[in-house]
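Number of protein chains: 2
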Amino acid sequence: MARIVMKFGGTSMAGIERIRNVAARVKREVEAGNQVAVVVSAMAGETDRLVNFCKEASPLYDRKEYDVVVSAGEQVTSGLLAIALQALGVPARSWMGWQLPIHTSDAHASARIEDMDGDSLAAAIAGGEVAVIPGFQGVAPGNRVTTLGRGGSDTSAVAVAAALKADRCDIYTDVDGVYTTDPRIVPKARKLKKVTYEEMLELASVGAKVLQTRSVGLAMKEKVRVQVLSSFEGAPDGGTLPGTMIVGEDEIEGNDMERQLITGIAHDKNEAKVTLTQVPDRPGAVASIFTPLADASINVDMIVQNVSHGTGQTDVTFTVPMAELARARDVLERARTDIGYDRLVHDTAVAKISVVGVGMRSHAGVAAEMFKALADRQINVLAITTSEIKVSVLIHEDYTELAVRVLHTAYGLDAEDAA
Amino acid sequence: MARIVMKFGGTSMAGIERIRNVAARVKREVEAGNQVAVVVSAMAGETDRLVNFCKEASPLYDRKEYDVVVSAGEQVTSGLLAIALQALGVPARSWMGWQLPIHTSDAHASARIEDMDGDSLAAAIAGGEVAVIPGFQGVAPGNRVTTLGRGGSDTSAVAVAAALKADRCDIYTDVDGVYTTDPRIVPKARKLKKVTYEEMLELASVGAKVLQTRSVGLAMKEKVRVQVLSSFEGAPDGGTLPGTMIVGEDEIEGNDMERQLITGIAHDKNEAKVTLTQVPDRPGAVASIFTPLADASINVDMIVQNVSHGTGQTDVTFTVPMAELARARDVLERARTDIGYDRLVHDTAVAKISVVGVGMRSHAGVAAEMFKALADRQINVLAITTSEIKVSVLIHEDYTELAVRVLHTAYGLDAEDAA
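In order, the protein sequence lines correspond to chains A and B.
Residues -9 to 409 (the working numbering) make up the first sequence, in order.
Residues -9 to 409 (the working numbering) make up the second sequence, in order.
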């Protein structure tokens, strides 16, 4: 017997027929002797509908009231799933965020889960009753409804799993797991059996959007074993096909001999490159650039400072999220005299390619191999950034697919034909 | 300065444009210096959509979960109205049933309001903030969401008005008040300035469905002054046209010289006539008919027992709601030997016509005048029932409109052309 949390997204909950399928999946886990809590999203499209109502009512809507409105979507699906489970003979009841309660911060529309009483929930499911919990919602001090921000249902599921000390948190999505890279670019991409929290965070933050990043961070902090699996594909017996487990490094090291040095390759076209030319090469010059950007909450990622060659001036290049480019330019224009640069040049036709893997901690040469593989294909590297388990390069976006395919092969990630 | 409750139905809340109009109406009351609580219904059609989801999920849905699902409709509109009010510069916030809280019985899907803390709500609106409250919902012991049954938002509004000791409860609907009779039948029907609770109850129970009967009963018990008025028609200055006040008799007697003996005439085609022939004329015979019907919760209205003429047998005629006819026949078939009747004859082509007015308490001859007016037009009376302030007759449904018109004129209710 295990205690598990199952989470179903909006596509899985879109209409009564699909909710019935979800109920059947939940029933199988109950019949296998497991204690189950289910976290659900709103029906696909419903949250957008409700968000649009708020925007229509006032572009400057009150986030407290927005939370009241949009949390209704998950309230509806959780009640409906409880009904569908009961119709299959499975005892079930819904638990709203304020009923459990799931305590959050009062940052309405993007609240953080702070605390939740796992014992009462554990008691509720101990008797064999399935707890159906609306994702995305909670309650702030003062008893106001909150929501966690878009995609927050993944975070809800992990929080519930943590509170329940669950053996597993199964996230049912419209993909069947985490792949070594985007299968639309590399048909030979392989589904990973296991990936570490850190790897998943790096993959998610560079564009492999299977799970909300926050939920992975929370899972890592709370040591929740998360599985990503398909809500629509099943084994021939109607059961669930195994997906990808997201786990701590301790579950991987040693007992996974076949594991590659590199786990996955991600790409991200949502960055823009900014270059400031002829910045005075003096102490404090770089700070004068990045302090005003930080003050404006603009996230700077890759930074390259050219060598000065004794001219007393240097070019500084960095990337910002595409959505922040206009604001970043505005901030830098205003700081121009202070920084003392000549021209501001920007380029949005760039892509960030990242190779990710905990294996590179103990292996030198990963970056060198990457640069060589790209150079062999005449792909120019515009900037580089690295972390303990990731190497990222910025290239011209026209080479995105080629670079991903080249690196996928170079690191031995291509699936064998038989696989 | 007055303290008022405003209630808006589903048609008034159908879409953001209409919600904005509602906000404008609320703003006018606030600007007039009033303290305001608003009770809202779900958008027109939304409750049906949610109810259908539940039925689809399981015809035998759990009423507790049904309440979770359907209460979402009012949750959405209350948040949206708060946003729309804020957009007009009016401070406002929504209060869910569980936040106030509105305590109800645990009769899910048809709960009764038991108690609510008016003081905190009064404090909330005392500072000039409008409280927006979803109608139709509350919370049962054990913190489960409840709903009050269809049309329950009127009852919510009256309950909020009672808890707040409000000066007035304004119910905005798609009609502009209570009329002496159905204006579609009698173009000369007049809008009433005032009507008593008792009269409103009698009019509502016989088919003049402006307000939910329960809400009128509660208003009477709690002495809440209720006004029915139009959500769509306004005075030339954009203000509200006065509707019909529903008040206690003390507000009418004496100071309303022009008031007619009869206040209104209602008709109801939703009754069916049942006749059992040759029932043994012995003590207990009538009980043997009506006890099994009562046990099956079938409401019997008019009852006529023919004179026996020494045959030892009599025909018994009565009416039941059309919707209960099949069940009533079933109950009576099974009780046949026990009752000992010969045949069961039913007729659905009947209509009940009622004249209602507190004035008839002090005036004899109201019924006689009614029978004479109908006889003059050769309208046959199939059954009669009376209360202190009402006389009802059952006639063939073909004569419904004629009977209503004849009685409207006979009791002097026709509006003058200039009015």
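Cβ coordinates follow ideal geometry from the N, Cα and C atoms, glycine included.
- Boundaries of the beta strand (DSSP E) around histidine 386 of chain B: 380 to 386.
- With a threshold of 7 Å between beta carbons, phenylalanine 43 of chain A makes contact with chain B.
- Chain B places a beta carbon closer than 7 Å to that of alanine 47 of chain A, counting this residue as a contact.
- Interface criterion not met: the Cβ of tyrosine 169 of chain A is under 7 Å from no Cβ in chain B.
- In the DSSP assignment, glutamine 217 of chain B falls within the unbroken beta strand (DSSP E) covering 216 to 220.
- Isoleucine 73 of chain A sits close to aspartate 52 of chain B, with the two beta carbons spaced by under 7 Å.
- Look at serine 287 of chain A here: in three-state DSSP terms it is coil, with no helix or strand label.
- Collapsing the DSSP output to three states places leucine 266 of chain B in a strand.
- Residue environment: glycine 0 of chain A is assigned as buried (16 or more neighbouring CB atoms within 10 Å of its CB, all protein chains considered).
- With respect to the C-alpha of threonine 67 of chain A, the residue from B/Ala62, B/Val80, B/Ala22 and B/Ala225 having the closest C-alpha is B/Ala62.
- Contact between the region 346 to 360 of chain B and the region 250 to 258 of chain B is present, with at least three C-beta pairs closer than 8 Å.
- Only residues of its own chain outside the window of five on either side were considered, and among them His98, Ala99, Val135, Thr136 and Thr137 have a CB closer than 7 Å to the CB of aspartate 57 of chain A, listed in chain order.
- Within chain A, Ala62, Gln65 and Val66 have C-beta atoms less than 7 Å from the C-beta of alanine 62 of chain B, given in sequence order.
- At least 7 Å separates the CB of glutamate 119 of chain B from every CB of chain A.
- Taking C-beta atoms as the reference points, threonine 186 of chain A and leucine 403 of chain A fail to come closer than 7 Å.
- At least one beta carbon of chain A lies nearer than 7 Å to the beta carbon of serine 84 of chain B.
- Annotated as proximal: glycine 302 of chain A and aspartate 271 of chain A, with beta-carbon spacing under 7 Å.
- Residues of the region -7 to 23 of chain A with a Cβ closer than 7 Å to any Cβ of chain B, in chain order: Ile6 and Ile9.
- For leucine 334 of chain A, the beta-bridge partners assigned by DSSP are A/Leu266.
- Contacts with chain B at 7 Å (Cβ-Cβ) include valine 58 of chain A.
- For the pair glycine 79 of chain A and leucine 384 of chain A, the Cα-to-Cα distance works out to about 55 Å.
- DSSP places aspartate 320 of chain A inside the alpha helix (DSSP H), whose first and last residues are 315 to 324.
- Chain A has no Cβ within less than 7 Å of the Cβ of glutamine 127 of chain B.
- Interface criterion not met: the Cβ of isoleucine 92 of chain A is under 7 Å from no Cβ in chain B.
- At a cut-off of 3 residues, the continuous stretches assigned as beta strand (DSSP E) that sit fully inside the region 30 to 96 of chain A are 82 to 84 and 92 to 94.
- Scanning the region 121 to 205 of chain A from its first residue to its last, the whole alpha helix (DSSP H) runs of 4-plus residues come out as 142 to 153 and 187 to 195.
- Under the Cβ distance rule, isoleucine 115 of chain B does not count among the residues neighbouring chain A, no pair being separated by less than 7 Å.
- Separation of threonine 265 of chain A and proline 232 of chain A (C-alpha to C-alpha, rounded to the nearest whole angstrom) is 46 Å.
- Put simply, the region 4 to 15 of chain A touches the region 28 to 36 of chain A. At least three CB pairs are less than 8 Å apart.
- For aspartate 366 of chain A, the enclosing alpha helix (DSSP H) starts and ends at 356 to 366.
- Rounded to whole angstroms, proline 177 of chain A and glycine 69 of chain B show a C-alpha spacing of 47 Å.
- By the Cβ-count criterion, aspartate 144 of chain B is buried, with 16 or more other Cβ atoms from all chains shown falling within 10 Å of its own Cβ.
- The Cβ atoms of isoleucine 279 of chain B and isoleucine 329 of chain B sit closer than 7 Å to each other.
- Assignment of beta-bridge partners to valine 310 of chain A by DSSP yields A/Ala262.
- Here arginine 272 of chain A is not bridged, per DSSP, to any residue.
- In terms of Cβ geometry, glutamate 391 of chain B and valine 340 of chain B do not form a close pair [threshold 7 Å].
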